[in-house]
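Novice:
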Amino acid sequence: MPEQVLQLENVTMQFGGVVAVNNLSLEVNRGEIVALIGPNGAGKTTAFNCITGLYDPTNGIVRFNGKTIVANHPRGKMKKLYAGENARAYLTSKTVDPTPDQVTKLGIARTFQNIRLWKSMTVFENVLTAKHMRAKQNVFTAALRITYKEERRMREETAALLEEQNLLQYADDLAVSLPYGLQRRLEIARALATGPSLLLLDEPAAGMNPQETQELGEFIVQIKNKYNLTVFMIEHHMDLVMQFSDRIYVIDFGRLISQGTPAVVQADPKVINAYLGVGE
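Mapping of the sequence shown onto the working numbering: residues 34 to 313, in sequence order.
(1) Helix, strand or coil for K152, going by three-state DSSP, please let me know.
(2) Can you tell me which residues form a DSSP beta bridge with S291?
(3) Counting only runs of 3+ residues fully inside the region 243-274, write out the beta strand (DSSP E) ranges in chain order.
(4) Starting from L219, follow the alpha helix (DSSP H) in both directions and report where the run begins and ends.
(5) Relative to the alpha-carbon of Q216, which residue among A238, P229, L233 has its alpha-carbon at the smallest distance?
(6) State the DSSP-derived secondary structure class of E236, mapped to helix, strand or coil.
(7) Counting only the same chain and skipping the five closest in sequence on each side, list residues whose C-beta sits under 8 Å from that of A307.
(8) Please report the straight-line C-alpha distance between A193 and A224, rounded to a whole angstrom.
(9) Quick one: give me the first and last residue of the alpha helix (DSSP H) that A300 is part of.
(10) Could you check the C-alpha separation between H269 and T180 for me, to the nearest Å?
(11) Compare the C-alpha of E36 against each of G64, N55, G50 and name the closest.
(12) Using C-beta distances below 7 Å, list every residue in its chain close to G76, excluding the 5 sequence neighbours before and after it, in chain order.
(13) What would DSSP say about F97, mapped onto helix, strand or coil?
(14) Assuming R218 and L200 are in contact, meaning their beta carbons sit under 8 Å apart, how far apart are those beta carbons, in whole angstroms?
(15) How would you label Q292, buried or exposed, when you count the other beta carbons within 10 angstroms and need 16 or more for buried?
(16) Using the Cβ count rule (16 or more neighbours within 10 Å means buried), how would you classify G93?
(17) On a CA-only basis, which of Q198, P295, Q247 is nearest K259? Give me that one, please.
(18) Comparing alpha-carbon positions, which option in G240, D279, A222, M241 lies nearest W151?
(19) Is D205 buried or exposed, if buried means 16 or more other CB atoms sit within 10 Å of its CB?
(20) Leaving out the 5 sequence neighbours to the left and right, which residues in its chain are closer than 7 Å to T45 when beta-carbon positions are compared?
(21) R143 by DSSP, collapsed to three states: which one?
(22) The alpha helix (DSSP H) that contains E42, what's its start and end?
(23) Return yes when the C-beta of S291 is under 7 Å from any heavy atom of the ligand SAM, and no when it is not.
(24) According to DSSP, is L207 part of a helix, a strand, or is it coil?
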């Protein structure tokens with residue numbers, strides 16, 4: 034039986050009278066590449082934000098590696114329960130307010146639809162800072178408390194990661210100076226620097242041409258295998274989704290309308306009507 038890494042159970046996110054995610058349930062199994070697709074405004078990024086602590090869902094449960102990390106409070110508020118070896122330094126058994134840093138500590142990393150690099154830092158500093166954030170020390174004091182030996186190790190690992198991503202030649206350049214495609218690759222490198230087991234990618238191929246998109250798909254498979262990752266991605270490039278995804282979930286107006294292998298989803302009339310046949 035597949036081992037579930039991520040599970041959403043009846044997750045709903047409402048903004049006033051607008052229901053962005055509506056009773057969404059899904060599972061992502063260890064080692065898979067799973068895609069979440071749907072028209073613009075379908076609620077895909079909102080679902081990612083509920084997983085990573087940027088939003089508190091109105092209702093529902095999120096589990097990561099079998100542990101509940103989001104659960105609906107009986108009074109309608111949210112409580113977040115974090116468990117696991119990686120979180121002990123930051124979290125207690127009491128209810129805590131969620132932060133993306135805590136989610137990162139659990140082993141979940143993500144990229145964003147709109148690239149969010151530290152643009153005033155160099156390429157090297159972007160990745161090194163992400164490694165500091167993953168260290169055991171408090172994120173705000175890590176740079177002061179990390180030993181020389183640890184710092185040297187992190188710098189060596191940063192250089193190796195940049196070389197692997199073909200970014201080492203840009204190590205001393207400001208992140209903002211990189212071409213768009215390289216900024217995308219740097220954002221993925223920074224996510225990998227946090228040592229995740231689950232990688233969430235929000236439209237990683239946005240702005241890429243067909244050749245770049247193909248290379249990105251091959252790159253995602255490469256890092257998944259090398260780092261033993263599970264990948265959950267939002268993507269509009271159907272060639273990328275159909276070629277590289279193990280399974281696909283399709284949502285429309287926040288509701289799940291289809292799921293299955295690429296072949297099953299591609300042949301589903303509901304998907305064709307709601308998404309694949311619109312503007313593609």
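Glycine is no exception: its CB is placed at the ideal position from the N, C-alpha and C atoms. None of the values given here were measured: they were computed from a predicted structure.
Specialist: Once the coordinates are examined:
(1) coil
(2) V283
(3) 263-267
(4) 213-226
(5) A238
(6) coil
(7) G71, P72, V283, D285, I290
(8) 15 Å
(9) Per DSSP, A300 belongs to no alpha helix (DSSP H) and is neither H nor E.
(10) 44 Å
(11) G64
(12) A53, V54, I284, G287
(13) strand
(14) 6 Å
(15) buried
(16) buried
(17) Q198
(18) A222
(19) exposed
(20) V52, V54, N55, N56, P90, T91, N92, G93
(21) strand
(22) Not the alpha helix (DSSP H): E42 falls in the beta strand (DSSP E), residues 37-48.
(23) As for the ligand SAM, it is missing from this structure, which has no ligand bound.
(24) strand
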